[in-house]
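In this note's numbering, the protein residues as written are 22 to 95.
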């Protein structure tokens, strides 16, 4: 299965307007200021949003990487 980041972004944009970005630099979210671009970046506001996103990614078989405050990310 091929991951189509633009299609994922388009589908999720309606749910996360203003909090979803394409090719977001992870360096902006990590303590050490390092990291390449995330295909799709979403800033979540609640546990419910997180659970919904995890379920949706599992259903669609989309890859998912959760980043907290980015303090242990290198």
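C-beta atoms are modelled at their ideal positions from N, C-alpha and C, and glycine is treated no differently.
Nearest-angstrom Cα separation, counted from residue j out to residue i
i	j	result
residue 42	residue 29	11 Å
residue 25	residue 31	10 Å
residue 48	residue 82	26 Å
residue 87	residue 33	16 Å
With 16 other Cβ atoms within 10 Å as the buried cut-off, status of residue i
i	result
residue 61	buried
Which of helix, strand or coil DSSP assigns to residue i
i	result
residue 38	coil
residue 23	coil
residue 82	coil
residue 29	helix
Q. What residue ranges within the region 33–78 form continuous beta strand (DSSP E) runs of no fewer than 3 residues, ordered along the chain?
A. 41–46, 58–63
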